[in-house]
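In the working numbering, the protein residues as written are 80 to 237.
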């Protein structure tokens, strides 16, 4: 992955979540969950198996001040539901939940759900495990689709 090109795209291009929700060409992701207000999809650049992003469909930029309590709790219920599916499918040692992004790029509120593979050495855990600079998984389209199917099945069963 060309990190400089990625940074330029997210800092100057359209909102990636809004483009995905609108069905814009080139903005497709593997959806694992969707309801009236939220969408959850596989990360295009995963550093751990089954890494999922959960976002409100509406363009919201701040996790606290842009949502009233009911909206925040509804979003967090989806984050929890998807995280439980990730735990069922991936069987991680630990599950990380992070709201990342920046007003300078990727401003649309989104939560990262990342299951840390069991046995990951301590120094390769936490932020190290999530940074694309430290390597990404090289998955085929078929492997990505299969992960999406497994997560959707776990969400249906849960």
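We put the beta carbon where it would ideally sit given N, CA and C, even for glycine. Bear in mind the structure is a predicted one, so any value in this text is a computation, not a measurement.
Simplified DSSP state of residue i, which is helix, strand or coil
i, result
"residue 217", "coil"
"residue 113", "strand"
"residue 227", "helix"
"residue 100", "helix"
"residue 167", "helix"
"residue 186", "strand"
"residue 195", "strand"
"residue 132", "strand"
"residue 161", "helix"
Reference residue i, options the options, closest by Cα
i, options, result
"residue 166", "197, 114, 118, 218", "197"
"residue 171", "189, 181, 179, 208", "208"
"residue 176", "93, 123, 221, 130", "130"
"residue 188", "102, 117, 127, 105", "117"
"residue 231", "109, 101, 103, 137", "109"
"residue 199", "127, 137, 180", "127"
Euclidean distance between Cα positions of residue i and residue j
i, j, result
"residue 114", "residue 149", "16 Å"
"residue 147", "residue 186", "18 Å"
"residue 169", "residue 183", "32 Å"
"residue 132", "residue 202", "24 Å"
"residue 152", "residue 135", "12 Å"
"residue 225", "residue 139", "30 Å"
"residue 97", "residue 191", "17 Å"
"residue 156", "residue 234", "13 Å"
"residue 125", "residue 194", "11 Å"
"residue 204", "residue 93", "32 Å"
"residue 212", "residue 178", "19 Å"
"residue 83", "residue 215", "16 Å"
Boundaries (first-last residue) of the alpha helix (DSSP H) holding residue i
i, result
"residue 209", "206-209"
Span of the beta strand (DSSP E), counted from its first residue to its last, around residue i
i, result
"residue 124", "Residue 124 -> no beta strand (DSSP E), and no H or E assigned at all."
"residue 173", "173-181"
Review point. Per the contact definition of three or more C-beta pairs closer than 8 Å, is the region 135-144 in contact with the region 160-167?
Key: no
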